[in-house]
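Student: Residue numbers (the UniProt record's numbering): 1 to 260.
All C-beta atoms, glycine included, are put in the ideal place defined by N, C-alpha and C.
From a predicted model like this one, the values you see are computed outputs, not experimental measurements.
1) DSSP three-state label for residue 183, please.
2) Quick one: grab the DSSP three-state call for residue 146.
3) From 194, 196, 185, pick the residue whose C-alpha is nearest to that of residue 225; which is it?
4) With DSSP collapsed to three states, give me the class of residue 194.
5) Could you tell me if the beta carbon of residue 142 falls within a distance shorter than 8 Å of some heavy atom in the ligand ADP?
6) To which residues of the same chain is residue 239 closer than 6 Å at the C-beta, ignoring the five residues directly before and after it?
7) Would you tell me roughly how many angstroms separate the C-alpha atoms of residue 254 and residue 146, rounded to the nearest one?
8) With a threshold of 16 other CB atoms inside 10 Å of the CB of residue 234, please say whether the residue is buried or exposed.
9) Residue 119: which of 89, 96, 183, 152 sits nearest, CA to CA?
10) Residue 206 by DSSP, collapsed to three states: which one?
11) In whole angstroms, give me the CA-to-CA distance for residue 165 and residue 81.
12) Identify which residue in 249, 176, 155, 85 has its Cα closest to the Cα of residue 127.
13) Tell me whether residue 48 is buried or exposed, calling it buried when 16 or more other Cβ atoms sit within 10 Å of its Cβ.
14) By a C-beta neighbour count over all protein chains shown, 10 Å radius and 16 as the cutoff for buried, is residue 250 buried or exposed?
15) Exposed or buried, residue 99, counting other C-beta atoms within 10 Å across all chains shown (16 or more means buried)?
16) Let me know if residue 27 comes out buried or exposed under the rule of 16 or more other beta-carbons within 10 Å of its beta-carbon.
17) Are residue 139 and residue 178 close, meaning C-beta to C-beta below 9 Å?
18) Quick check on residue 72: does DSSP put it in helix, strand or coil?
19) Just how far apart, CA to CA, sit residue 194 and residue 52?
20) Give me the Cβ distance between residue 77 and residue 65, rounded to the nearest whole Å; I'm assuming they're in contact under 8 Å.
21) Which of helix, strand or coil does DSSP assign to residue 131?
22) Excluding sequence positions up to five away, which residues of its chain have a Cβ less than 7 Å from the Cβ of residue 113?
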């Protein structure tokens with residue numbers, strides 16, 4: 001007599017072997033990496049392809065203004081300038097999008113980085129008004145780190161302080177504290193501050209707390225900082241209140257720490 005087929009219940013997670021679970025995890029990781037690579041490629045292509053028509057719009061507006069000459073009244077001239085300003089803003093947003101995309105996937109070799117010198121080099125690159133002041137506290141370390149990534153973090157944090165302080169004579173102070181296996185940096189300014197309700201919002205892409213007509217930028221700087229820092233095992237956070245200045249914090253792991 002033929003045997004009846006045995007019906008087996010599907011295995012639940014508790015019945016799966018360690019090797020099967022590991023294979024599933026590796027498969028998920030591979031899929032996530034592929035999705036991330038696809039998204040990066042799409043971001044690059046979309047940003048690259050959008051630049052040509054944007055430049056065309058800007059050039060056409062400039063040629064139109066030149067060809068019409070005195071026929072362009074003050075109102076029309078102002079509108080053309082506004083159009084070119086919008087094009088420049090869009091290009092800045094595309095640059096920020098590309099930088100944000102690269103922040104999560106591009107890695108550089110580590111090397112000794114003298115943080116005190118790096119901070120002052122970044123500030124010089126930003127070329128602030130003479131009335132703005134930068135102070136670096138004592139004990140700035142020499143980190144074995146990716147110079148380009150750390151430079152981008154300080155570039156955006158110092159630039160953010162200069163742009164959003166709301167005063168030309170802003171005082172910026174960078175301090176550091178050594179912790180277990182990492183360094184805790186803070187960048188403080190004596191500007192207008194950030195209300196607590198916006199403390200999470202500032203780390204999101206394309207977020208600005210004031211009109212972009214008033215402050216230059218695409219609103220990507222702090223989101224790039226967050227991605228760079230967290231991608232290397234650190235953390236970011238903010239301390240601020242309206243009218244009391246802002247302190248932006250981040251930790252940067254350093255397994256080979258030594259101080260100057």
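Tutor: Well, looking at it:
1) For residue 183, the secondary structure class from DSSP, reduced to helix, strand or coil, is strand.
2) Coil, per DSSP.
3) With distances taken between Cα atoms, residue 225 lies closest to 185.
4) Three-state DSSP puts residue 194 in coil, outside helix and strand.
5) As for the ligand ADP, it is missing from this structure, which has no ligand bound.
6) Around residue 239: 247.
7) Roughly 11 Å separates the two Cα atoms.
8) Per the 10 Å Cβ criterion, buried.
9) Ranking the options by Cα distance to residue 119, first place goes to 152.
10) Looking at residue 206 - three-state DSSP - the assignment turns out to be coil, as it is neither helix nor strand.
11) If you take the alpha carbons of residue 165 and residue 81, they lie about 27 Å apart.
12) Checking every option, the nearest Cα to that of residue 127 belongs to 155.
13) The residue in question, residue 48, is exposed, as its Cβ has fewer than 16 Cβ neighbours within 10 Å.
14) Looking at its Cβ environment, which holds 16 or more other Cβ atoms inside 10 Å, residue 250 is buried.
15) By the neighbour-count rule (16 or more Cβ atoms within 10 Å), residue 99 is buried.
16) Counting Cβ neighbours within 10 Å, residue 27 comes out exposed, since fewer than 16 surround it.
17) Remark: C-beta atoms of residue 139 and residue 178 approach each other more closely than 9 Å.
18) Residue 72 falls in the coil class under three-state DSSP.
19) Straight-line spacing of the CA atoms in residue 194 and residue 52 works out to 37 Å.
20) The pair is a contact, with the Cβ atoms about 7 Å apart (cut-off 8 Å).
21) Coil.
22) In its chain, beyond the 5 residues on either side, 142, 143, 145, 147, 150 have a beta carbon closer than 7 Å to the beta carbon of residue 113.
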